[in-house]
Amino acid sequence: MEGIEKTKGVDILLGDPKKAILAMAIPTSVALIAQSANNLIDAMWVAGLGRDALAAVGIVFPLFFIIIGVSNGIGIGAASAISRRIGAGNKADADRTASHAIVSALMISAVLTAVLLVSMEPLLGMMGAGATEGTLRECMDYALPIVLFTSVFITVGVMSSMLRSEGAAKRSMYVLVLSAAINVVLDPLFIYDYGLGWGMRGAAAATVLSVAISLLVIIYWYSVKKDTFLRLRLRGFRFDPRITGDIFKVGLPASAQMTIISLVVIFANLIILQAGGDDGVAIFASVWRIIDILIILPIGVAMGLIPVCAAAFGAACYDKVRTAYVYSIKISMYSMILVGIVTALFAPQILTVFTYSPGTEHLREGMVLFLRISCIFIPFMAIGMASESLFQSMGLGMRALISTIFRNFLLIPVCYVAMLMTSDLVYIWWGITASEIVSSMLVVGWTFITLRSVMRGPCPDRSVPGP
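Using the numbering used here, the letters of the sequence shown map in sequence onto residues 206 to 672.
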């Protein structure tokens, strides 16, 4: 990229792949924690409004999950496409891809907002909001501001991915942490009478405003301060089918992956309900919340892997792609083995948060057993996620989607057979473990086969800029 001013983030992205993975993964993991905190913060503050309000946060979450899924999908597709162009030395095309990502995000936001506004009330009713008039009212109050500002959530997600695509993972972390911090302050002021007293609408408004402020910070970096590597050029914008296709051939499957994961959880809940009733579902749901927290680091590694491998792939440095991938699966597996050992040892203490009341105390033994069994499969889950990210980094979005389908849907027939053979939940827990281990190892094998098919020599000389 001679003649083009590179940033520190781009230097990291194009440098030692092991250092680049760590530089991307750690801030991304912190950002994921901050992103998860927003929903927990809302739930914590609205609990003071009563049972209906607390239930509304849980009922509305799937709608919010749809928005986040679309945002992450476009963001992953854009990050992969941009980083490949950065690696190839094609700065102008990288800038055009970033502009296409923003315009695509705004257009999809407009369509999604209209669809959700029309279908919001019946959807909430189907998800349980219609049980009582009070719950439906609370759900509508909470959902409406979020749906109206869908564009804010989707755009901030896409632009955060753009920052990661140019190696600026710390900046992406800063804005998401800022959003969570602002939400903590605004929630009580917007919800309760000592502030604005808006109730559920206040909780949603605080979330929207906190995310909007973070979005303004990113826009300031790109459009005012202009100290980012990428330059957004929206004046006179025209769609390029080649660039749009490159974003969405990864972005659409990535969005579908989140939907598939949600469907699998629904099917798994139905099987567990037949085998263990409400207690079984409570055990499964509670322990899976712990698992979601435990795997934040490997998720961060997987997300950081996308721009690192995409840049190396774009530069035709296939040895770097392999090095980054192997290093990612090593640190993901080793960290999860360590986390699994500690979790298994302290499982009773960890699960006290769900079993401290007389009504849930009888679930403790079952939760402890499932959590300890899950410690066996989370290292394999981690390397499976890294493998899917490798496919995404290479522009092979459909392979990533097929891997997700295989890794998640395999547990459905395994668990169903276990349920038919015995009503003991422990066999279902072992079924989940076996299916995760087998499917993840097969996906890892597929990634190595894919890598061998593209390994075509050393990095070329990139001293001359691309076209």
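Every residue gets a Cβ at the ideal spot worked out from N, C-alpha and C, and that includes glycine.
Verify the contact flag: Leu-510, CB atom, against every heavy atom of the ligand GDP, threshold strictly below 7 Å. Looking for the ligand GDP in the displayed structure turns up nothing, as the structure carries no ligands at all.
When DSSP labels each residue in this structure, what does Ala-225 get in the three-state scheme? Helix at Ala-225.
With distance defined between alpha-carbon atoms, name the residue in Pro-458, Leu-543, Gln-597 nearest to Phe-582. Out of Pro-458, Leu-543, Gln-597, Leu-543 has the C-alpha closest to the C-alpha of Phe-582.
Gly-485 vs Ile-477 beta-carbon contact at 8 Å: The answer is yes: Cβ separation under 8 Å.
Whole-angstrom distance between Phe-472 and Phe-611, CA atom to CA atom: A direct Cα-to-Cα measurement between Phe-611 and Phe-472 gives close to 15 Å.
For Val-469, which option in Arg-301, Thr-340, Glu-641, Ala-299 has the closest C-alpha, if you only look at C-alpha atoms? Considering only alpha carbons, the answer is Glu-641.
Between the CA atoms of Ala-230 and Gly-509 - distance to the nearest angstrom: The alpha-carbon separation between Gly-509 and Ala-230 amounts to approximately 5 Å.
Once you ignore the five residues that flank Leu-502 on each side, which residues in its own chain have a CB closer than 6 Å to its CB? The residues are Ser-234, Ser-540.
Completely contained alpha helix (DSSP H) runs for the region 578-604, where each covers 4 or more residues: Runs of the alpha helix (DSSP H) inside the region 578-604: none found.
What would DSSP say about Cys-522, mapped onto helix, strand or coil? Judged by DSSP in its simplified three-state form, Cys-522 adopts coil rather than helix or strand.
Could you name the residues of the same chain whose beta carbon sits closer than 8 Å to that of Val-649, not counting the 5 residues immediately before and after it, in chain order? Result list for Val-649: Ile-534, Ile-588, Gly-589, Ser-592, in chain order.
Three-state class that DSSP yields for Lys-430 in the structure shown: Assignment of Lys-430 by DSSP, reduced to helix, strand and coil, places it in the helix class.
Among His-305, Ala-283, Ala-310, which residue has its Cα nearest to the Cα of Arg-443? Cα-wise, what sits closest to Arg-443 is His-305.
For Ala-299 versus Ile-307, is the C-beta distance shorter than 8 Å? Cβ distance not < 8 Å, so Ala-299 and Ile-307 don't count as in contact.
Under the three-state DSSP convention, the category Leu-615 falls into: Three-state result, Leu-615: coil.
Extent of the continuous alpha helix (DSSP H) to which Phe-653 belongs: Its alpha helix (DSSP H) spans residues 630-659.
Which residues bound the alpha helix (DSSP H) around His-567? No alpha helix (DSSP H) holds His-567; DSSP gives it neither H nor E.
Roughly how many whole angstroms lie between the Cα atoms of Pro-375 and Gln-597? The amino acid at residue 375 is misidentified as Pro; the sequence shows Lys. Here the alpha carbon of Lys-375 sits roughly 22 Å from the alpha carbon of Gln-597.
Buried or exposed: where does Tyr-347 fall if 16 or more other Cβ atoms within 10 Å of its Cβ makes it buried? Taking every protein chain shown into account, the CB of Tyr-347 has 16 or more other CB atoms within 10 angstroms, so this residue is buried.
What do you reckon, are the CB atoms on Val-352 and Ser-419 nearer than 8 Å? Not in contact: Val-352 and Ser-419 (Cβ atoms no closer than 8 Å).
Is it the case that the Cβ atoms of Gly-519 and Ala-258 are separated by a distance below 8 Å? Here Gly-519 is not near Ala-258, since their CB atoms are 8 Å or more apart.
Can you say whether Phe-575 is buried or exposed, counting buried as having 16 or more other CB atoms within 10 angstroms of its CB? Phe-575 is buried by the Cβ-count criterion.
Span of the alpha helix (DSSP H), counted from its first residue to its last, around Trp-403: Element bounds for Trp-403: n/a, residue is neither H nor E.
My understanding is that Val-492 touches Ser-579, with C-beta atoms under 8 Å, so please give their C-beta distance in whole angstroms. Contact flag correct, Cβ pair sits at about 6 Å.
Going along the chain, which residues of its own chain have a beta-carbon closer than 7 Å to the beta-carbon of Leu-237, five neighbours each way excluded? Sequence-distant Cβ neighbours of Leu-237 in its own chain, meaning closer than 7 Å and more than five residues away, are Ile-501, Ile-504, Gly-505.
Does the distance from the CB of Gly-456 to the CB of Gly-278 come in under 8 Å? Result yes, Cβ atoms of Gly-456 and Gly-278 sit closer than 8 Å.
Please report how far the alpha carbon of Ala-283 lies from the alpha carbon of Arg-301, in whole angstroms. Their Cα atoms are separated by approximately 11 Å.
Considering Cα atoms alone, identify which of Leu-615, Ser-594, Phe-653 is closest to Thr-638. Ranked by Cα distance from Thr-638, the options Leu-615, Ser-594, Phe-653 are led by Leu-615.
For the putative contact between Thr-355 and Thr-318, defined by C-beta atoms under 8 Å, what is the C-beta separation to the nearest angstrom? Yes, they are in contact, since the Cβ atoms of Thr-355 and Thr-318 sit about 4 Å apart, within 8 Å.
Quick check on this structure: which residue in Gly-602, Pro-512, Gln-554 has the alpha carbon closest to the alpha carbon of Gly-214? Here the closest residue by C-alpha is Pro-512.
Start and end of the alpha helix (DSSP H) containing Leu-482? The amino acid at residue 482 is misidentified as Leu; the sequence shows Gly. It spans 446-499 - the alpha helix (DSSP H) in which Gly-482 sits, taken as one unbroken run.
For Pro-672, which residues from the same chain have a beta carbon less than 7 Å from its beta carbon, with the 5 sequence-adjacent residues on both sides left out? A caution first: Pro-672 carries a pLDDT of 36, below 50, which makes its placement in the model unreliable, though a value can still be read off. Excluding residues within five positions, the ones whose Cβ falls inside 7 Å are Asn-295.
Quick check on this structure: which residue in Glu-326, Met-325, Tyr-532, Gly-600 has the alpha carbon closest to the alpha carbon of Val-659? Of all alpha-carbon atoms in Glu-326, Met-325, Tyr-532, Gly-600, the one lying nearest the alpha-carbon of Val-659 is that of Gly-600.
From His-567 to Tyr-632, what does the alpha carbon distance come to, in whole angstroms? Straight-line spacing of the CA atoms in His-567 and Tyr-632 works out to 20 Å.
Cα-Cα, which of Gln-462, Pro-584, Val-357 is closest to Arg-604? Considering only alpha carbons, the answer is Gln-462.
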